Amino acid sequence: MDITEFQKRGKEMVDYIADYFKQLEKRPVYPDVEPGYLRPLIPDSAPQEPENFEDVLKDFERIIMPGVTHWHSPYFFAYFPTVGSFPALLADILSGGIGCLSFSWAASPACTELETVMLDWLGKMLNLPEEFLAGRDGEGGGVIQGSASEATLVTLLAARTKMIRRVQSENPELTEADVMSRLVAYASDQAHSSVEKAGSIGGVKIKTIPSNDKFAVCGSALKKVLHEDRAAGLIPFFASNQLNEALLKSINEARKIHLVPCHLREKFVLRFAICSRTVESVHVQFAWKHISKLATDLLKEC
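Going by this note's numbering, the sequence shown opens with residue 21, and the numbers climb by one from there.
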């Protein structure tokens, strides 16, 4: 593909994406495939010769699209919203075209500094204290991570390192292993599983703090656990149902809408999240009627 064909195909790709959004509501929100469906449909090894653009798009529609969960569908009520605005899509094209890596300031000064400035914007929107923002002395500031789980791990490891250095400076006789064995981190009992995974990777204990009726952790509950653990010689360093299961299975097997569950106080709960910017009241009403009908049918079977 030379630059002339790239211009031609690029315009066609934008049209393809635009048509995808126009027809998105008509596509099944969740794929009707079984694990392993893809392997028999593609070659065992990478092709030695290129295919033309038209054939690639045909293969994409025939092989890939049947296995896609459409996160931008107005019938997608699972997980959380994903980036999908038209300005964001254009920004992806621009960023991919420039294609620079920002692992250091010298690798791409504009990329590095833009990240710092825009994360300061986010910090100010969240009303974070000044010490969390990028300062002239090099402290504070944010860095974009690949995922929320990765961000949890990085912050836990950073907090672990800071506490080990602090304790060793006050108690030089202690080894890193001595300090590590006494470290304990805290999280709400509503926290994502990535917190527990971060603790396993970081080699530190994770304790959960009970949440209240509004699913929030009160300061008194945290203080109580901190006092007990300090008295025990630990070093706090970081703080971060069958019918429903059957109903969820019925909902997702019907493939008209898509939901995911969560666990609250050991109870299996269905989450209903507004994820797509294309969702309108008619889609919510349709989903609610669909869920109600399936729930009624399920209760009749009990």
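Note that the Cβ used here is the ideal one computed from N, Cα and C, for glycine as well. All values reported here derive from a predicted model rather than from experimental measurement.
Just checking my contact of residue i with residue j at CB under 8 Å: how many whole Å lie between their CB atoms?
i: Ser-122; j: Ser-128; result: 5 Å
i: Glu-151; j: Gly-160; result: 5 Å
i: Leu-177; j: Gly-222; result: 6 Å
i: Glu-45; j: Pro-107; result: Wrong, their Cβ atoms sit about 22 Å apart, outside the cutoff.
i: Val-204; j: Asp-249; result: 6 Å
i: Val-187; j: Val-199; result: 5 Å
i: Leu-254; j: Arg-185; result: The pair is not a contact, with the Cβ atoms about 18 Å apart (cut-off 8 Å).
i: Val-3; j: Lys-225; result: No statement about residue 3 is possible, as the shown extent of the chain runs from 21 to 322 and does not include it.
i: Trp-37; j: Leu-109; result: The sequence as given places Ile at residue 37; Trp does not occur at that position. About 7 Å separates the two Cβ atoms, so the contact holds.
Which residue marks the beginning of the beta strand (DSSP E) containing residue i, and which one marks its end?
i: Leu-203; result: 203-208
i: Ser-228; result: The question names Ser, but residue 228 is Thr in the sequence shown. It spans 225-229 - the beta strand (DSSP E) in which Thr-228 sits, taken as one unbroken run.
Going along the chain, which residues of its own chain have a beta-carbon closer than 6 Å to the beta-carbon of residue i, five neighbours each way excluded?
i: Met-183; result: Phe-257
i: Phe-73; result: Arg-29
i: Pro-101; result: Cys-295
i: Ile-83; result: Leu-61
What does a CB cutoff of less than 8 Å around residue i pick up in its chain, not counting 5 residues either side in sequence?
i: Ala-315; result: Leu-267
i: Glu-133; result: Trp-125
i: Gly-87; result: Pro-51, Val-53, Tyr-57, Leu-58
i: Gly-155; result: Gly-161
i: Leu-318; result: Leu-263, Ala-266, Leu-267, Ser-270
i: Ala-98; result: His-278, Leu-279, Val-280, Arg-291, Ala-293, Cys-295
Please list the terminal residues of the continuous alpha helix (DSSP H) segment that includes residue i.
i: Phe-26; result: 23-43
i: Asp-233; result: No alpha helix (DSSP H) contains Asp-233, which DSSP labels as neither H nor E.
i: Trp-125; result: Here Trp-125 belongs to no alpha helix (DSSP H), and DSSP marks it neither H nor E.
i: Ser-184; result: The identity of residue 184 in the sequence shown is Ile, whereas the question assumes Ser. Segment 168-190, the alpha helix (DSSP H) holding Ile-184.
i: Glu-216; result: 213-222
i: Val-199; result: 196-200
Under a Cβ-count criterion, where at least 16 other Cβ atoms within 10 Å of its own Cβ denotes burial, should residue i be classed as buried or exposed?
i: Arg-180; result: buried
i: Val-215; result: buried
i: Ser-296; result: buried
i: Ile-311; result: buried
i: Asn-261; result: Bear in mind that a pLDDT of 48 at Asn-261, under 50, signals an unreliable position, so the number given afterwards is only what the model happens to contain. Exposed, because fewer than 16 other Cβ atoms sit within 10 Å of the Cβ of Asn-261.
i: Val-103; result: exposed
i: Thr-195; result: exposed
i: Val-49; result: buried
i: Cys-322; result: Because Cys-322 sits at a pLDDT of 49, beneath the cut-off of 50, its placement in the model cannot be relied upon, and the following sentence gives the value as read from the coordinates. Classification for Cys-322: exposed.
i: Ala-207; result: buried
i: Ile-23; result: exposed
i: Ala-251; result: exposed
i: His-92; result: buried
i: Ala-343; result: Residue 343 is absent from the structure shown; the chain starts at 21 and stops at 322.
i: His-6; result: Coverage of the chain is limited to positions 21 through 322, which leaves residue 6 absent and any answer about it impossible.
In chain order, what residues of the same chain have a beta carbon less than 7 Å from the beta carbon of residue i, not counting five sequence neighbours either side?
i: Gly-143; result: Phe-152, Leu-153, Gly-162
i: Ile-271; result: Ile-277, Leu-279, Ile-311, Leu-314
i: Thr-172; result: Ser-214, Val-215, Ala-218, Ser-260
i: Cys-238; result: Asn-232
i: Phe-96; result: Val-49, His-90, His-278, Cys-295, Ser-296
i: Gln-165; result: Ala-171, Val-174
i: Val-137; result: none
Start-end ranges of the alpha helix (DSSP H) lying completely within the stretch 45-115, minimum 4 residues: 73-79
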